[in-house]
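A.B. asks: Have a look at this one before I ask anything.
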Amino acid sequence: MENRTFAFIKTDKKLVKLFFKDINVIKGLGNYVEVHTVGHKRYIYYKTLKDLIETLPDEFMRVHNSYIVNLTHIESFEDNHLICGELKITVAKSYKECLHSALGNMML
1 MENRTFAFIK
11 TDKKLVKLFF
21 KDINVIKGLG
31 NYVEVHTVGH
41 KRYIYYKTLK
51 DLIETLPDEF
61 MRVHNSYIVN
71 LTHIESFEDN
81 HLICGELKIT
91 VAKSYKECLH
101 SALGNMML
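Going by UniProt numbering, the sequence shown opens with residue 1, and the numbers climb by one from there.
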């Protein structure tokens, strides 16, 4: 299924449909991830960030060992910190150059 706009995750013994455009940030919690949505909902389910990043669309980027962000929801980037909604995320040095490149492609 190319160009999918959503995925299902299993959380709290049920399947929940999440649209990629609604995902703000994904935080790694060991073998689990916590998905933060633009509607301020949080979902925790069993998956590693490494496995997850391979299945997400191109607008998602890993910026830290513990974080994946949706590039379309970044409000600002300054001094190695991203602001995504209510979250302030530190960008790891190893991901900084790739992030600059991706954001550069989105500049006016």
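Backbone N, C-alpha and C fix where the C-beta goes; we use that ideal spot for every residue, glycine too. Only a predicted model underlies this, so the values are computations on that prediction, with no experimental measurement involved.
Between the Cα of MET107 and those of LYS17, PHE77 and THR37, spot the shortest distance and give me the residue it belongs to.
C.D. replies: Position 107 of the sequence shown, counted from the start, is the residue given in the question as residue 107. When LYS17, PHE77 and THR37 are compared, the shortest CA-CA separation from MET107 is found for PHE77.
A.B. asks: Buried or exposed for GLU97, please, with buried defined as at least 16 other CB atoms from any protein chain shown within 10 angstroms of its CB.
C.D. replies: Counting from 1 along the sequence shown, the entry for residue 97 is found at position 97. Flag for GLU97 reads exposed.
A.B. asks: Run the CB neighbour count on HIS81, radius 10 Å, all protein chains shown included, and call it buried at 16 or more, exposed below.
C.D. replies: Position 81 of the sequence shown, counting from 1, holds the residue named residue 81. HIS81 should be labelled exposed.
A.B. asks: If we ignore side chains and look at the alpha-carbon of each, how far apart do VAL16 and THR5 end up?
C.D. replies: Taking the sequence shown and counting its residues from 1, the one referred to as residue 16 is at position 16. Taking the sequence shown and counting its residues from 1, the one referred to as residue 5 is at position 5. Going from the Cα of VAL16 to the Cα of THR5 covers about 14 Å.
A.B. asks: Can you tell me which of the three DSSP states LYS21 falls into?
C.D. replies: By one-based count along the sequence shown, residue 21 stands at place 21. LYS21: helix per DSSP, three-state reduction.
A.B. asks: Taking the alpha-carbon positions, what's the residue 112 to LYS10 distance?
C.D. replies: Residue 112 lies beyond the range of the chain shown here (1 to 108); nothing can be said about it.
A.B. asks: Closer than 8 Å is the cut-off here; do at least three beta carbon pairs connect the segment 85-95 with the segment 55-69?
C.D. replies: yes
A.B. asks: Tell me where the alpha helix (DSSP H) around LYS96 begins and ends.
C.D. replies: Translated into positions along the sequence shown, residue 96 becomes position 96. Note, LYS96: alpha helix (DSSP H), 93-104.
A.B. asks: Leaving out five residues before and five after HIS64 in sequence, what residues of the same chain have Cβ atoms less than 8 Å from its Cβ?
C.D. replies: Your numbering for residue 64 matches position 64 in the sequence shown. Same-chain partners within the cutoff: ILE89, THR90, VAL91, ALA92 and TYR95.
A.B. asks: Nearest-angstrom Cα distance between ILE83 and VAL25?
C.D. replies: Along the sequence shown, one-based indexing puts residue 83 at 83. Along the sequence shown, one-based indexing puts residue 25 at 25. Using only the alpha carbons, I get a separation of about 10 Å.
A.B. asks: Locate the beta strand (DSSP E) running through LYS10, then write down its first and last residues.
C.D. replies: Working through the sequence shown from its first residue, we reach residue 10 at position 10. LYS10 -> beta strand (DSSP E) spans 6-11.
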